[in-house]
Structure formats: structure tokens, C-alpha cells
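**Student:** Shown below is the structure under consideration.
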């Protein structure tokens, strides 16, 4: 369980860093659907 949580945290951190590097008008890198999908894998 701990390993999966660490992987999810790394995934989220990566997506957030990518998003921070984009201009405000660019399409989002991180979507709510992606977050829900990741949450389901942790359940």
C-alpha cells in the first residue's frame, strides 16, 4: 500500500510541475478524470 501511495504522489507531483510550466491558456495537463482514475486504483 505504501508503495502505491508513493507512486501516486510522484505521479501527482509530476503532473503539477508540468502544469506549472504551461501558460494559463494552455490545455490542462491534469484532469479531474485522471485524478479520479488514480484514486480508484488506490481503493
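Residue numbers (this note's numbering): 1 to 43.
Ideal Cβ positions, reconstructed from N, Cα and C, are used throughout, including at glycine.
1. Could you give the C-beta distance for residue 30 and residue 5, rounded to a whole number, given that I count them as a contact under 8 Å?
2. Helix, strand or coil: which one does DSSP assign to residue 26?
3. Are the CB atoms of residue 8 and residue 38 within a distance shorter than 8 Å?
4. Does the separation of the CB atoms of residue 28 and residue 19 fall below 8 Å?
**Tutor:** Quick look at the numbers:
1. About 18 Å separates the two Cβ atoms, so there is no contact after all.
2. Coil, per DSSP.
3. yes
4. For residue 28 and residue 19, yes; Cβs fall inside 8 Å.
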